[in-house]
Amino acid sequence: MVGLRSRNRGSGRSGIVRIRKGGRMYRIPVENGIVPDWALAQRFQEVGTVDDLDGDSSVVLPANCTPEELIDWWVDPSSCDVKGVDTRDSKIYDVSGVPESKRHAQRRMAVIADPEEAMRIRRILSENFTREELEMMASNGSIVIRTVPDCGDATGCYFRRQDGVEIPLIVLEQGTTPDGVVHEMVHHLRAVDQTRDGVLRTSFPSDRTGRLNEGVFRRLSRKQRNAIVEQEERATVAETVARTGIDPCQSGYYDGVQNMDPRTAYVQDKYIVTGRDPEDTAPCQLPRLKGQAAKNAVTNGYEYMNVARARILNRNVKKR
Numbered sequence: 072m073v074g075l076r077s078r079n080r081g082s083g084r085s086g087i088v089r090i091r092k093g094g095r096m097y098r099i100p101v102e103n104g105i106v107p108d109w110a111l112a113q114r115f116q117e118v119g120t121v122d123d124l125d126g127d128s129s130v131v132l133p134a135n136c137t138p139e140e141l142i143d144w145w146v147d148p149s150s151c152d153v154k155g156v157d158t159r160d161s162k163i164y165d166v167s168g169v170p171e172s173k174r175h176a177q178r179r180m181a182v183i184a185d186p187e188e189a190m191r192i193r194r195i196l197s198e199n200f201t202r203e204e205l206e207m208m209a210s211n212g213s214i215v216i217r218t219v220p221d222c223g224d225a226t227g228c229y230f231r232r233q234d235g236v237e238i239p240l241i242v243l244e245q246g247t248t249p250d251g252v253v254h255e256m257v258h259h260l261r262a263v264d265q266t267r268d269g270v271l272r273t274s275f276p277s278d279r280t281g282r283l284n285e286g287v288f289r290r291l292s293r294k295q296r297n298a299i300v301e302q303e304e305r306a307t308v309a310e311t312v313a314r315t316g317i318d319p320c321q322s323g324y325y326d327g328v329q330n331m332d333p334r335t336a337y338v339q340d341k342y343i344v345t346g347r348d349p350e351d352t353a354p355c356q357l358p359r360l361k362g363q364a365a366k367n368a369v370t371n372g373y374e375y376m377n378v379a380r381a382r383i384l385n386r387n388v389k390k391r
C-alpha cells in the first residue's frame, strides 16, 4: 500500500548506518532514520535486475523502512521487494510515456519525482538524445535522477561514480528547464561513452566505466583541479547548447563570458554550434542536434564558442 510507514520512522538518524550481515559490513544511507528512495534506487541498480520490476515478490516491504528492516533486501534485492521501488507499480521506473524505441534504456534509469515531473524529464531525455546514447547512459548500473525543491545557486548537480557513489546520481531542481536537465545528462554521457575523446570526453581522470580516479585527482595541484572543473563545465555547456532549443534561461555560466551580455553570448553560441546564419534562421528555428551530429558540432565549433572562454570558478554561478 502506498504511504505505509516503518515502525521506527523518525528516529532522527541521518548519514550512514553500518550493518554487518553474513560476515560483510554494509553502509546504508539514512535520512531521519529511514533509507531514502534515491538510495534504494541506487542499490537496486547496483546489485538488482530490471526483470524484478515485472512482478512482485511474495514478501513486499513497506516504503520508508529503517536499514535494519530492509537489510535482507539491501544484501539481495531478489529476496523480496520494497513497495514503490522494485514492485510492478513502481513510479520511479514508469516509462509508459516514453517512445517505444527508447523504453528499454529508460526502464533502467530511475527518475524520482512527482509523476508529472518525472514524465517531463523522461520526455526531455527522449527528445535530446538518441536511442544509442540513452543505452550508453543506462549501461554499467545506469543512473538515478531525483528532484528537490531547491538546489541553491545551481539548477542541478551530477555526482559521478567514485568511492561512496557506485551508481551516478543527478539531483535536479524541480521544474528546471530542458537546458538544465540535458546539461547534467551530458556530464554523464561524457563520462561513460568510451567512443569519445578530446573535448567530447570527460575532463576528469576516469576509468572506462566513468569512475573517478580519486588518487590521480587528489595528487593534482589546486590549480590543475580547478582547470579540470572549468574545462568540464565549458564543454558540457557547449554540447548542451547543441542539443537543446533556445532556452528561456541560459546557463549561468554565460555570466562568466567577459565583456559580453550573457544572453547575447548564449544565442551567438547556438548559431555557431549549429552552423546557421542569423540572417537566414530565427533563433526559435535553430535545430536541436543529437548523436554524431551533436558531437561533430562541438568538435568543430567549440573553439569558436563564447562559452569556451568563460570564467567558471572565480564567481558564483547565477541560477536562472
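First residue of the sequence shown? That's 72 in our numbering, and the numbers climb one at a time after it. No residue lacks a Cβ here, since even glycine has one placed at the ideal position from N, Cα and C.
Asked: Alpha helix (DSSP H) segments (min. 4 residues) lying fully within the segment 182-212; Found: 186-199, 202-208
Asked: Continuous alpha helix (DSSP H) assignments of at least 4 residues falling wholly in the segment 74-144; Found: 108-118
Asked: Distance between residue 164 and residue 126 (C-alpha atoms, nearest Å); Found: 13 Å
Asked: Identified DSSP bridge partners for residue 177; Found: Looking at the DSSP assignment, residue 177 forms no beta bridge with any residue, so it has no partner.
Asked: Three-way DSSP call (helix, strand, coil) for residue 18 in this model; Found: Outside the displayed span of the chain (72 to 391) sits residue 18, for which this structure offers no information.
Asked: CB contact flag (residue 237, residue 221, <9 Å); Found: no
Asked: Three-state secondary structure assigned by DSSP to residue 172; Found: helix
Asked: Host beta strand (DSSP E) of residue 215 (start-end); Found: 215-219
Asked: Proximal residues to residue 186 (C-beta, below 8 Å), its chain only, five neighbours per side dropped; Found: 162, 165
Asked: Candidates 276, 129, 313: closest to residue 295 by CA position; Found: 276
Asked: Paired residues, beta bridge with residue 153 - DSSP; Found: 132
Asked: Distance between residue 128 and residue 256 (C-alpha atoms, nearest Å); Found: 32 Å
Asked: Completely contained alpha helix (DSSP H) runs for the segment 311-383, where each covers 4 or more residues; Found: 333-345, 362-372
Asked: Boundaries (first-last residue) of the alpha helix (DSSP H) holding residue 244; Found: It is not in any alpha helix (DSSP H) - residue 244 instead sits in the beta strand (DSSP E) that spans 240-244.
Asked: Residue 336 versus residue 366: straight-line alpha-carbon distance, rounded; Found: 21 Å
Asked: Three-state class that DSSP yields for residue 72 in the structure shown; Found: Reliability fails at residue 72, whose pLDDT of 24 lies under 50, so the model's placement of it is uncertain and the value that follows must be treated cautiously. Coil.
Asked: Nonlocal neighbours in the same chain, by C-beta distance under 7 Å from residue 262, ignoring five residues either side; Found: 231, 273, 277, 281
Asked: Inter-residue spacing [alpha-carbon to alpha-carbon] between residue 382 and residue 84; Found: 40 Å
Asked: Contact set for residue 248: own chain, Cβ-Cβ below 7 Å, skip 5 residues either direction; Found: 318, 319, 320
Asked: Identity of the residues DSSP links to residue 236 by a beta bridge; Found: 233
Asked: Those residues which DSSP pairs with residue 283 across a bridge; Found: 277
Asked: Collapsed DSSP secondary structure at residue 265 in the structure displayed; Found: coil
Asked: Nonlocal neighbours in the same chain, by C-beta distance under 7 Å from residue 92, ignoring five residues either side; Found: 142, 146
Asked: Beta-carbon proximity check, residue 86 vs residue 101, cutoff 9 Å; Found: yes
Asked: Identity of the residue in 110, 369, 90 nearest residue 183 by Cα; Found: 110
Asked: CA nearest to the CA of residue 266, picked from 224, 120, 153, 204; Found: 204
Asked: Residue 310 burial status per 10 Å Cβ neighbour count (16 or more: buried); Found: buried
Asked: Three-state class that DSSP yields for residue 163 in the structure shown; Found: coil
Asked: Counted within 10 angstroms of its Cβ, other Cβ atoms place residue 120 as buried (16 or more) or exposed; Found: exposed
Asked: Among 153, 99, 180, 346, nearest to residue 210 - alpha-carbon criterion; Found: 180
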